[in-house]
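Written below as structure tokens is the structure these notes are about.
Residue numbers (our numbering): 17 to 291.
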């Protein structure tokens with residue numbers, strides 16, 4: 017083996033080892049900061065979201081998208097649009113196609129998928145009982161390998177009635193739904209609905225690291241899951257704003273509508289040593 021190739025192999029091994037073991041304790045966790053930008057949507061052009069990146073799920077899905085959700089997802093500008101440099105996803109209280117609420121759910125399925133890397137979005141969240149925004153990922157083989165076998169990574173999940181608490185999770189066979197592997201992050205002396213925050217994961221062959229802004233608050237490894245590790249293939253991204261459902265409960269008389277999720281950007285990076 018040539019010396020140059022041998023050195024490259026050693027460097028790649030060191031980088032991977034740092035990613036795998038730098039988070040052995042919470043005090044030692046750190047953001048790896050992948051720098052090779054692969055795709056970005058800065059939402060700088062008003063109108064509909066970029067169709068080269070985003071598609072839409074429309075309707076109510078099966079059993080409220082599997083969660084007893086109450087909204088009907090649309091691609092109407094009243095529910096989703098780019099305006100003034102942000103993507104605005106809005107939940108409305110209105111009677112539409114048999115549902116009492118409308119909102120939007122965007123996804124990159126069949127447009128962009130990636131195995132490993134850093135996935136992040138800068139978002140200002142809505143609030144209120146029964147409001148359920150999320151930024152998440154699903155295994156790209158989900159049509160052939162139905163959930164939860166395809167795998168799910170919840171980068172950001174949040175109950176609107178608890179505006180200081182964020183949840184990061186993974187779902188897979190044997191650890192899905194209420195048995196997901198999760199951890200909460202509590203925002204001290206602030207709320208997620210009063211300003212923008214960066215929500216992201218850095219994902220490699222052996223672990224998924226979760227962070228809020230510059231704080232890496234959770235690492236989930238192969239050893240942490242209670243079933244098969246399914247996070248070794250491409251995933252696509254989703255962003256949605258649900259209303260009601262088993263995770264958050266229904267809105268009540270104190271829930272104010274409309275509620276909007278504001279997305280400043282979505283960026284995806286890769287670690288060229290791992291792809």
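Even for Gly, the Cβ is constructed at its ideal location relative to N, Cα and C.
Practice problem: For the region 127-184, list the beta strand (DSSP E) runs that are entirely contained and at least 3 residues long, ordered along the chain. | Solution: Complete beta strand (DSSP E) runs here, min 3: 133-140, 147-155 and 168-173.
Quiz item: Can you tell me whether DSSP reads residue 19 as helix, strand or coil?
Solution: Start at 1 with the first residue of the chain shown, and residue 19 comes out as number 3. Caution applies to residue 19, whose pLDDT of 40 falls short of 50 and renders its modelled position unreliable; the model cannot decide the point.
Quiz item: Under three-state DSSP, which class holds residue 273?
Solution: Indexing the chain shown from 1 puts residue 273 at position 257. Coil, per DSSP.
Quiz item: Roughly how many whole angstroms lie between the Cα atoms of residue 101 and residue 192?
Solution: In the chain shown, counting from the first residue as 1, residue 101 sits at position 85. In the chain shown, counting from the first residue as 1, residue 192 sits at position 176. Cα to Cα, the separation comes out at about 36 Å.
Quiz item: Using a Cβ-Cβ cut-off of 6 Å (strictly less than) and excluding sequence neighbours within five positions of residue 55, which residues of its own chain qualify?
Solution: For the purposes of this step, residue 55 is taken as the residue at position 39 of the chain shown. Same-chain partners within the cutoff: 128 and 284.
Quiz item: Quick one: Cα of residue 217 to Cα of residue 117, how far?
Solution: Locating residue 217 in the chain shown gives position 201, counting from the first residue. Locating residue 117 in the chain shown gives position 101, counting from the first residue. The straight-line gap from Cα to Cα measures roughly 30 Å.
Practice problem: Kindly identify the DSSP beta-bridge partner or partners of residue 316. | Solution: Outside the modelled stretch of the chain, which goes from 17 to 291, sits residue 316, for which no answer is possible.
Self-check item: beta strand (DSSP E) segments (min. 3 residues) lying fully within the region 65-103
Solution: Complete beta strand (DSSP E) runs here, min 3: 87-89 and 96-99.
Practice problem: Throw me the rounded Cβ distance for the residue 187 and residue 139 pair, which I believe falls under 8 Å. | Solution: Within the chain shown, residue 187 is the residue found at index 171, counting from 1. Within the chain shown, residue 139 is the residue found at index 123, counting from 1. In fact, because the Cβ distance is near 21 Å, the residues do not count as touching under 8 Å.
Quiz item: Can you check whether the CB of residue 246 is closer than 8 Å to the CB of residue 155?
Solution: By one-based count along the chain shown, residue 155 stands at place 139. By one-based count along the chain shown, residue 246 stands at place 230. In this structure, residue 246 lies closer than 8 Å to residue 155 by Cβ.
Self-check item: Nearest-angstrom Cα separation, counted from residue 180 out to residue 98
Solution: Taking the chain shown and counting its residues from 1, the one referred to as residue 98 is at position 82. Taking the chain shown and counting its residues from 1, the one referred to as residue 180 is at position 164. Taking the straight line joining both Cα atoms gives about 26 Å.
Self-check item: Touching by the beta-carbon criterion (3+ pairs, under 8 Å), the region 251-262 and the region 102-116
Solution: yes
Practice problem: Enumerate in chain order the residues of its own chain whose CB-to-CB distance from residue 275 is below 8 Å, with the five nearest sequence positions on each side excluded. | Solution: Within the chain shown, numbered from 1, the residue matching residue 275 stands at position 259. For residue 275, where only same-chain residues beyond five positions count, the Cβ hits under 8 Å are 106, 107, 142, 143, 144, 147, 176 and 257.
Practice problem: Compare the beta carbon distance of residue 287 and residue 133 with 8 Å and say whether it is the shorter of the two. | Solution: Numbered from 1 along the chain shown, position 271 holds the residue referred to as residue 287. Numbered from 1 along the chain shown, position 117 holds the residue referred to as residue 133. Yes, the Cβ-Cβ distance between residue 287 and residue 133 is below 8 Å.
Quiz item: Expressed to the nearest angstrom, what Euclidean distance is found between the alpha-carbon atoms of residue 277 and residue 94?
Solution: Taking the chain shown and counting its residues from 1, the one referred to as residue 277 is at position 261. Taking the chain shown and counting its residues from 1, the one referred to as residue 94 is at position 78. Each residue's Cα considered, the two are about 13 Å apart.
Quiz item: Hey, residue 295 and residue 162: beta-carbon distance below 8 Å or not?
Solution: Outside the displayed span of the chain (17 to 291) sits residue 295, for which this structure offers no information.
Exercise. Keeping to the same chain, check which residues put their C-beta closer than 8 Å to that of residue 268; ignore five residues upstream and five downstream.
Key: For the purposes of this step, residue 268 is identified with residue 252 of the chain shown, where counting begins at 1. The residues are 145 and 146.
Quiz item: Buried or exposed: residue 159, going by 16 or more other Cβ atoms within 10 Å of its Cβ?
Solution: Counting from 1 along the chain shown, the entry for residue 159 is found at position 143. Here residue 159 is exposed: its Cβ has fewer than 16 other Cβ atoms, across all protein chains shown, within 10 Å.
Exercise. Just mark residue 78 as buried or exposed, buried being the case when its beta carbon has 16 or more other beta carbons within 10 Å.
Key: Residue numbering aside, residue 78 sits at position 62 when the chain shown is read from its first letter. So residue 78 ends up on the exposed side.
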